[in-house]
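Enquirer: Counting in the working numbering, the sequence shown runs from 1040 upward without gaps. Backbone N, C-alpha and C define an ideal beta-carbon position, used for all residues, glycine too.
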Amino acid sequence: MNRAAKGAVALAAAALCGAAVAVAVRGTPAPAAPNPPSVGTTEVVRTDLASSVLTEGTLGYTASPPVVNELGGTYTSVLAPGTVVQPGQTLFRVDNQPVVLMSGSVPAWRPFAPGMADGPDVQELAATLIALGHARGLFTVAGPHYGAAAMAAVERWQTALGEPATGSIELGSVVFLPTAVRVDAATVAPGQPAAAGDMPYQVTTTTRAVSVPLTPNDPTVAVGQQVSIQLPSGASTPGQVTSVGPPPTSSSSSSSSSSSSSSSSPSGSTSSTVLTVTPADPAATGAGDGEPVQVALTVQSLRHVLAVPVAALVALAGGGYGLEVVTHSGQHHLIGVRTGVFAGGEVQVLGNSLPAGTRVVVAQ
């Protein structure tokens, strides 16, 4: 092959190599430089900061004293779970006889009849009949005496129930409890035999509450302290600590739901100290029972401290943190600061030349 032919081959080969290189370069472009982070400015503010920890709790209803039956016979009517019973309403029926809830903290221990000895049970009965509107002014003051006025009020109440107006009340026909109750679960069914001492329901009060079993690692908590309740939905709602002490007594030792949520740990373990939190807005917590939630307990609280968003902190090469300060003329300079409490995306900052109102750069 002469020199001219060899030259043509070489040029063709070079052209092919060039084309291949061009294709390779076009097929794998160099990565673009990352966009610089967006920044803005904010002011150093004087505020209150509180650092907190989240601890597990159970949302439900507070515990209630039990509903105890004192009648023998057969259960002929029981209520469905979730039913709320107010004073004056029927809890259940035995041999079709209604057992009615009335307001009081002293249990009934005897029948009511003219000539009976005075006592707190008579006073509770009188107060409930007045509240239900059956006294019609006969009781000016609820007293412990079962006289003619009490008998007349009982007859009106019995007539309103559709029962014979005898003026007397058999033991077991009324149950005294401090508040309205909510049926958490029924432990009997219509047709089952009834006996004195039965607890036909597991009950709670109608008061929404969160119970938190405390551990030695949890911060000290006092009654009246404000907290935040983190709900299963992700929303939060404020609450207040209303009791700190031993677990309250449940309406039934066999309760598996949070009718005694206030007396059981979310993890199933027992705790000698239980924190009870009452929501500021009970309706915001829904109506679920036994729901796992978290409660933010304050670890440290500071008032009137200087703070900036955590995103304003700049890590310094020599260690520690700084802030990029923007002067009134628009110039930027870096100053070192000491950090204190971190809380809610804010951080306490300390520095000799850092008054409130100082404008600093913050990452967006």
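Should the segment 1341-1360 be regarded as contacting the segment 1263-1278, the criterion being three or more beta carbon pairs within less than 8 Å?
Expert: No, the segment 1341-1360 is not in contact with the segment 1263-1278.
Enquirer: Applying the 10 Å Cβ sphere with the 16-neighbour rule, what's the burial state of D1320?
Expert: In the sequence shown, counting from the first residue as 1, residue 1320 sits at position 281. That one is exposed.
Enquirer: DSSP three-state label for S1298, please.
Expert: Residue mapping note: residue 1298 aligns to position 259 of the sequence shown, counting from 1. Here the model assigns S1298 a pLDDT of 38, short of 50, so the residue's position is not dependable and the matter cannot be decided.
Enquirer: Roughly how many angstroms lie between the CA atoms of V1078 and E1363, to the nearest whole one?
Expert: As a working note, residue 1078 is residue 39 in the sequence shown. As a working note, residue 1363 is residue 324 in the sequence shown. Between V1078 and E1363, the C-alpha separation is close to 11 Å.
Enquirer: Spatial neighbours of G1127 within its chain, please: CB distance less than 6 Å, with the 5 preceding and 5 following residues excluded, ordered by chain position.
Expert: Here residue 1127 refers to the residue found at position 88 when the sequence shown is read from its first residue. Only L1171 meet the Cβ criterion.
Enquirer: Can you check DSSP and say which residues form a bridge with V1260?
Expert: Locating residue 1260 in the sequence shown gives position 221, where the first residue counts as 1. According to DSSP, which records beta bridges pairwise, V1260 is partnered with nothing at all.
Enquirer: Rounded to whole angstroms, what's the CA-CA distance from I1169 to V1124? Just pull it up for me.
Expert: Locating residue 1169 in the sequence shown gives position 130, counting from the first residue. Locating residue 1124 in the sequence shown gives position 85, counting from the first residue. For I1169 and V1124, the distance between alpha carbons rounds to 18 Å.
Enquirer: Look at the Cβ atom of G1361, then the Cβ atom of L1373, and state whether they are nearer than 8 Å.
Expert: Your numbering for residue 1361 matches position 322 in the sequence shown. Your numbering for residue 1373 matches position 334 in the sequence shown. Result yes, Cβ atoms of G1361 and L1373 sit closer than 8 Å.
Enquirer: Could you give the C-beta distance for V1386 and L1336, rounded to a whole number, given that I count them as a contact under 8 Å?
Expert: As a working mapping, residue 1386 is identified with position 347 in the sequence shown. As a working mapping, residue 1336 is identified with position 297 in the sequence shown. So it is not a contact: roughly 20 Å between Cβ atoms.
Enquirer: Would you give the residue range spanned by the alpha helix (DSSP H) that V1161 belongs to?
Expert: Start at 1 with the first residue of the sequence shown, and residue 1161 comes out as number 122. Taken as a continuous stretch (DSSP letters only), the alpha helix (DSSP H) holding V1161 covers P1159 to L1171.
Enquirer: Would you mind stating whether P1331 and T1324 have Cβ atoms separated by less than 8 Å?
Expert: For this step, residue 1331 is matched to residue 292 along the sequence shown. For this step, residue 1324 is matched to residue 285 along the sequence shown. No. Outside cutoff.
Enquirer: Relative to the C-alpha of A1426, which candidate in G1143, A1204 and S1144 has its C-alpha closest?
Expert: One cannot answer for residue 1426 here, as it falls past the ends of the chain, which runs 1040 to 1403.
Enquirer: Find out if the Cβ-Cβ distance for the pair Y1100, D1328 is shorter than 8 Å.
Expert: The count along the sequence shown starts at 1 and reaches residue 1100 at position 61. The count along the sequence shown starts at 1 and reaches residue 1328 at position 289. Closer than 8 Å, so yes.
Enquirer: Thinking just about the alpha-carbon of each residue, which of V1084, T1218, A1225 and E1194 is nearest to the one in P1121?
Expert: Counting from 1 along the sequence shown, the entry for residue 1121 is found at position 82. Sequence check: residue 1121 is Gly here, not Pro. The shortest Cα separation from G1121 among V1084, T1218, A1225 and E1194 belongs to A1225.
Enquirer: According to the neighbour-count rule (16 or more other Cβ atoms, all chains shown, within 10 Å of its Cβ), is V1239 buried or exposed?
Expert: The residue you call residue 1239 lines up with position 200 of the sequence shown. Correcting the residue type first, residue 1239 is Pro in the shown sequence and not Val. Buried.
Enquirer: Residues in its own chain within less than 8 Å of T1378 by CB, not counting five upstream and five downstream?
Expert: Translated into positions along the sequence shown, residue 1378 becomes position 339. Contacts found: L1352, Y1360, V1386, Q1387, V1388 and L1389.
Enquirer: D1134 and G1154 look like a contact to me (Cβ under 8 Å); what is the Cβ gap, rounded to whole Å?
Expert: Here residue 1134 refers to the residue found at position 95 when the sequence shown is read from its first residue. Here residue 1154 refers to the residue found at position 115 when the sequence shown is read from its first residue. No, D1134 and G1154 are not in contact; Cβ-Cβ is about 27 Å, not under 8 Å.
Enquirer: What number of angstroms, rounded off, separates the C-alpha of V1280 from the C-alpha of A1235?
Expert: As a first step, residue 1280 is located in the sequence shown; it is residue number 241 there, counting from the start. As a first step, residue 1235 is located in the sequence shown; it is residue number 196 there, counting from the start. If you take the alpha carbons of V1280 and A1235, they lie about 38 Å apart.
Enquirer: Starting from E1385 and walking both ways along the beta strand (DSSP E), at which residues does that stretch end?
Expert: By 1-based counting over the sequence shown, the position of residue 1385 is 346. Residues E1385 to L1389.
Enquirer: Specify the secondary structure class of P1321 as computed by DSSP and reduced to three states.
Expert: Stepping through the sequence shown from its first residue, residue 1321 is reached at position 282. Helix.
Enquirer: Between which two residues does the beta strand (DSSP E) holding E1330 run?
Expert: As a first step, residue 1330 is located in the sequence shown; it is residue number 291 there, counting from the start. Where E1330 is concerned, the enclosing beta strand (DSSP E) stretches over E1330 to P1348.
Enquirer: Would you call V1262 buried or exposed, if buried means 16 or more other Cβ atoms sit within 10 Å of its Cβ?
Expert: Mapped onto the sequence shown, residue 1262 falls at position 223. V1262 is exposed by the Cβ-count criterion.
Enquirer: On a Cα-Cα basis, can you pick out the residue from Q1241, L1130, A1102 and S1311 that is closest to P1255?
Expert: By one-based count along the sequence shown, residue 1255 stands at place 216. Nearest option by C-alpha distance: S1311.
Enquirer: Within this structure, are the beta carbons of A1382 and L1088 separated by less than 8 Å?
Expert: The sequence position of residue 1382 within the sequence shown is 343, counting from 1. The sequence position of residue 1088 within the sequence shown is 49, counting from 1. Yes. Within cutoff.
Enquirer: Which first and last residues belong to the alpha helix (DSSP H) in which A1199 is found?
Expert: As a first step, residue 1199 is located in the sequence shown; it is residue number 160 there, counting from the start. Note, A1199: alpha helix (DSSP H), A1187 to L1200.
Enquirer: Select from T1094, Q1333 and V1380 the residue whose C-alpha is nearest the C-alpha of L1341.
Expert: Along the sequence shown, one-based indexing puts residue 1341 at 302. The candidate whose alpha carbon is nearest that of L1341 is V1380.
Enquirer: In the DSSP output, which residue or residues are listed as bridge partners for V1138?
Expert: Working through the sequence shown from its first residue, we reach residue 1138 at position 99. Note: V1138 sits in a beta bridge opposite F1131.
Enquirer: Straight-line CA distance for V1083 to G1384?
Expert: Numbered from 1 along the sequence shown, position 44 holds the residue referred to as residue 1083. Numbered from 1 along the sequence shown, position 345 holds the residue referred to as residue 1384. For V1083 and G1384, the distance between alpha carbons rounds to 14 Å.
Enquirer: From the DSSP output, in three-state form, read off A1204 for me.
Expert: The residue given as residue 1204 occupies position 165 in the sequence shown. Correct three-state label for A1204: coil.
Enquirer: Just tell me which of D1237, R1175, A1199 and T1244 has its CA closest to the CA of T1218.
Expert: For the purposes of this step, residue 1218 is taken as residue 179 along the sequence shown, with counting starting at 1. The residue with the shortest Cα to Cα distance from T1218 is T1244.
Enquirer: On a CA-only basis, which of F1131, L1110, H1371 and V1106 is nearest V1145? Give me that one, please.
Expert: Locating residue 1145 in the sequence shown gives position 106, where the first residue counts as 1. Taking only the C-alpha atoms, the option nearest V1145 is V1106.
Enquirer: Give me the residue from V1193, H1371, G1396 and Q1264 with the minimum Cα distance to Q1339.
Expert: Here the question's residue 1339 lines up with position 300 in the sequence shown. Comparing Cα-Cα distances from Q1339 to each of V1193, H1371, G1396 and Q1264, the minimum goes to Q1264.
Enquirer: What residue from V1334, A1191 and V1251 has the CA that sits closest to T1315's CA?
Expert: As a first step, residue 1315 is located in the sequence shown; it is residue number 276 there, counting from the start. With distances taken between Cα atoms, T1315 lies closest to V1251.
Enquirer: Under three-state DSSP, which class holds A1152?
Expert: Residue 1152 sits at position 113 when you count from the first residue of the sequence shown. DSSP places A1152 in coil when its eight states are reduced to three.
Enquirer: Anyone know if the C-beta pair for L1355 and G1375 falls short of 8 Å?
Expert: Here residue 1355 is taken as the residue at index 316 of the sequence shown, counted from 1. Here residue 1375 is taken as the residue at index 336 of the sequence shown, counted from 1. Contact: yes.
Enquirer: P1286: buried (16+ other C-beta within 10 angstroms of its C-beta) or exposed?
Expert: In the sequence shown, counting from the first residue as 1, residue 1286 sits at position 247. Buried is the call here.
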